[in-house]
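Colleague:
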Amino acid sequence: MFKVPPQDCIPAGPQWTSPELDVEATQQSRERTNQKATERQRRRYLGFQEGNLVVVKIHRPGGKFQTPFEPEPWQVISVRGAMITATRGRQRVTRNISHFRRTGVVITSEEEGEIDDSMAEPPAEEGQTEGAQGAAPSAQHLPGESAGRGESLPRGGRYHLRPNPVSRSRS
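Position one of the sequence shown corresponds to residue 1 (UniProt numbering), numbered consecutively onward.
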């Protein structure tokens, strides 16, 4: 009637495999599932490690004129998943990674007093000399920018001021 061939053999289930192969296949399946979930949730590795200096987000900011992070750095003492524990003196705080930001300051030794600020400051340019430390830094100007008050900008420069449009009054 439906032109279906009759079954010649008895239906059988899958052949049994060794438990080691089952465990290995299960682990691979879990790894694939976790990898896809990580991609879907857009998780990212933030790279916090023990010994890093971080700033902590203020729990209740005082307003829009207050910084969102405390200015003094904290030192990370443990990282467990998305939770970070940091200390500063006798204070200890444990919060989610989203409440921390890394600083450019690195502790060079076990003593907390010695801090290497080489990452916090930009490197000196080749034309600058380190001998004049007490002198005021030289002003750096962009192309087309005036160096003093009396100088005018060249026409077509980067900071050329356009005239205000003529306002039309309704009569």
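For each residue, glycine too, the CB sits at the ideal point set by N, CA and C.
At which residues does the beta strand (DSSP E) containing Asn34 begin and terminate?
Modeller: Run containing Asn34: none in the beta strand (DSSP E); it sits in the alpha helix (DSSP H), 19–41.
Colleague: Comparing alpha-carbon positions, which option in Gly104, Arg90, Gly47 lies nearest Ser98?
Modeller: Gly47
Colleague: Between Val54 and Arg101, how many whole angstroms is the CB-CB distance? I'm expecting something under 8 angstroms.
Modeller: Going by Cβ atoms, the distance from Val54 to Arg101 rounds to 6 angstroms, so yes, they are a contact pair.
Colleague: Once DSSP output is grouped into helix, strand and coil, what is the label at Ile97?
Modeller: helix
Colleague: Quick check on this structure: which residue in Thr17, Gly51, Phe2 has the alpha carbon closest to the alpha carbon of Ser78?
Modeller: If we check each option's Cα against that of Ser78, Gly51 comes out closest.
Colleague: Let me see if you follow: with CB-CB separation under 8 angstroms, is Ile97 close to chain C or not?
Modeller: You won't find chain C in this structure, because it holds only one protein chain.
Colleague: At what residues does the beta strand (DSSP E) containing Thr85 begin and finish?
Modeller: 83–88
Colleague: Using a threshold of 8 angstroms, state whether the C-beta atoms of Asn96 and Ala86 are closer than that.
Modeller: Going by C-beta atoms, Asn96 is not nearer than 8 angstroms to Ala86.
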